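Chemist: Just so we're aligned, residue 1 is where the sequence shown starts under the UniProt record's numbering, counting upward by one.
The beta-carbon is built from N, C-alpha and C at its ideal position, and this holds for glycine as well.
Model, not experiment: these values are computed from the prediction.
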Amino acid sequence: MPTRLTGVASPPTPPTTENGIESGRVTPHRPSTVASRSHLLLLRCQIAALELELQRERQRRQEVVDRYERLLAER
Numbered sequence: 001m002p003t004r005l006t007g008v009a010s011p012p013t014p015p016t017t018e019n020g021i022e023s024g025r026v027t028p029h030r031p032s033t034v035a036s037r038s039h040l041l042l043l044r045c046q047i048a049a050l051e052l053e054l055q056r057e058r059q060r061r062q063e064v065v066d067r068y069e070r071l072l073a074e075r
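(1) Taking Cβ positions only, does Arg-44 come closer than 7 Å to chain B?
(2) Give every residue of the same chain whose Cβ lies closer than 6 Å to the Cβ of Glu-53, excluding the five residues on either side of it in the sequence, and list them in chain order.
(3) Could you tell me the alpha carbon to alpha carbon distance between Met-1 and Ser-32, rounded to whole angstroms?
(4) Sorted by chain position, which residues of the same chain lie with C-beta nearer than 8 Å to Ser-38's C-beta, five sequence neighbours on each side aside?
Printed below as a string of structure tokens:
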């Protein structure tokens, strides 16, 4: 391992990668922690939006059922 002028050994060179997989290994490339957390936050926001949309749709359907029942009761 070559040394720097300060006498500290330099770190080994990283293995060559192709498509996120190190050559000679089967270890997939891991995304950075910040990217992973950002992606997780995005997914959580999307889930929350879908849950709100589902709740609104349920309320709308209940309003349709209530209206239908009122119309039947008026007959």
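Modeler: Reading off the structure:
(1) Note that chain B does not occur in the displayed structure, where there is just one protein chain.
(2) Your numbering for residue 53 matches position 53 in the sequence shown. Here the set comprises nothing.
(3) Looking up residue 1 in the sequence shown gives position 1. Looking up residue 32 in the sequence shown gives position 32. Note that Met-1 scores 49 on pLDDT, short of 50, meaning its location in the model is unreliable; the coordinates nonetheless yield the value given after this. Each residue's alpha carbon lies about 28 Å from the other.
(4) Mapped onto the sequence shown, residue 38 falls at position 38. For Ser-38, where only same-chain residues beyond five positions count, there are no Cβ hits under 8 Å.
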